[in-house]
Amino acid sequence: MTLSATKLKHESKSYVLRKGRITKAQTRALNELTKEYLLDVNKDLSSLTDFIESSNNLIGDVGFGTGESLSYLAQACNKSSLLGVDVYPPGIGAALNLIDKQKLSNVKIIKSDIHYVLKDRLPDKIFNLLVFLYPDPWPKRKHHKRRLISEGFVDLLYKKTKTNGMIFCKTDWEDYFIEIKDKFGASPNWDRVRENKVPDFLKQIPKTNYERKALENSRLSKFLCYKAN
Numbered sequence: 015m016t017l018s019a020t021k022l023k024h025e026s027k028s029y030v031l032r033k034g035r036i037t038k039a040q041t042r043a044l045n046e047l048t049k050e051y052l053l054d055v056n057k058d059l060s061s062l063t064d065f066i067e068s069s070n071n072l073i074g075d076v077g078f079g080t081g082e083s084l085s086y087l088a089q090a091c092n093k094s095s096l097l098g099v100d101v102y103p104p105g106i107g108a109a110l111n112l113i114d115k116q117k118l119s120n121v122k123i124i125k126s127d128i129h130y131v132l133k134d135r136l137p138d139k140i141f142n143l144l145v146f147l148y149p150d151p152w153p154k155r156k157h158h159k160r161r162l163i164s165e166g167f168v169d170l171l172y173k174k175t176k177t178n179g180m181i182f183c184k185t186d187w188e189d190y191f192i193e194i195k196d197k198f199g200a201s202p203n204w205d206r207v208r209e210n211k212v213p214d215f216l217k218q219i220p221k222t223n224y225e226r227k228a229l230e231n232s233r234l235s236k237f238l239c240y241k242a243n
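Numbering (my numbering), first residue to last: 15 to 243.
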C-alpha cells in the first residue's frame with residue numbers, strides 16, 4: 015500500500031476555522047492525549063498505514079463534532095476501527111477526553127481537511143462505512159459551492175469505499191438533503207439503501223448537539239444511506 019506524500023490543492027473549503035472558545039479540559043486533552051489518539055498525516059504516514067492495515071473493518075466519522083458519534087460508533091462496532099476526521103480544536107479536544115475516559119482502543123483521530131485526507135493521504139477502497147452527520151449546509155445560495163457533498167466528492171467517496179461499503183449521511187436542511195440525494199442518485203456507482211435495510215446501529219446514533227439545535231429550531235432531521243456497487 016502506497017500513500018502519496020504530495021500536497022493537495024483543492025476546491026473551496028467546506029469549513030471556516032472560526033476562533034471559538036476552548037476549555038481548559040479541551041486544551042489539556044490536546045496537549046496530553048495527542049500522542050495516543052491523533053495521527054499526524056502531514057509528516058510520517060507510518061502510524062496511519064499501520065492503523066489501516068491492522069483493521070479488517072474501517073469506519074470513518076467525518077466532522078464528528080464533540081465526539082458523541084465517534085464514541086458511540088466505537089462501542090457499537092467494537093470489532094471495527096474508527097477513524098475520525100475533523101478540523102476544529104475544541105471539538106477534537108472534547109472527543110479526546112471522551113474516548114480516553116471510555117478507554118476506547120479502536121479509535122484514532124486526524125485533524126485535517128477531509129478532502130486532503132481522502133485525496134492525498136489514504137489509499138483506495140479502504141472504508142467499509144463513512145458517516146457524515148450534519149455537514150455544514152451553507153444555507154445561503156452563494157455559498158452552496160462550499161457544501162462538502164458535491165458531484166466530485168461523491169466520486170471520491172466511491173474511490174475510497176470498498177465494494178458493498180456504505181455512506182450514511184444525516185442533515186436537517188431539506189434542500190441539502192435533496193441535493194445529496196440527487197448527487198448520489200446521478201452516479202452509477204451507488205445504490206440507495208432502503209430505510210428498512212439500513213443497519214439499526216446507524217439509525218440509533220445518539221442525538222448530537224447539531225441535532226438538538228435543529229429540533230429547537232423545528233427542523234426535521236433526515237438521513238440517506240448508499241451502498242457502493
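Backbone N, C-alpha and C define an ideal beta-carbon position, used for all residues, glycine too.
The structure displayed is predicted, hence computed values, not measured ones.
Spell out the partners DSSP gives residue i in its beta bridges.
i	result
C183	F146, L238
R206	Y240
F198	The partner list for F198 (beta bridge, DSSP) is empty, contrary to what the question assumes.
K122	L97
L170	Answer is none; L170 lacks a bridge partner.
L52	I123
G141	In the sequence under discussion, the amino acid at residue 141 is Phe, which differs from the Gly named in the question. T175, per the DSSP bridge assignment.
Of the residues the options, which one's Cα is nearest the Cα of residue i?
i	options	result
K221	A43, L44, F78, P151	F78
D64	N92, I219, N120	N120
N210	E225, A242, F237	F237
T175	P202, I194, L144	L144
R206	N142, R226, L44, N178	N178
I66	H129, P137, K173	P137
N142	L118, V212, R161, N70	N70
I'd like to check one pair, residue j with residue i: are the Cβ atoms closer than 7 Å?
i	j	result
I140	L72	yes
L96	A90	no
Q40	G81	no
D75	G98	yes
Y240	Y148	no
V168	K133	no
K184	S235	yes
L53	I124	yes
I181	L170	no
### Query
Hey, which unbroken runs of the beta strand (DSSP E) at 3 residues or more fall wholly within the stretch 70-106?
72-76, 95-100
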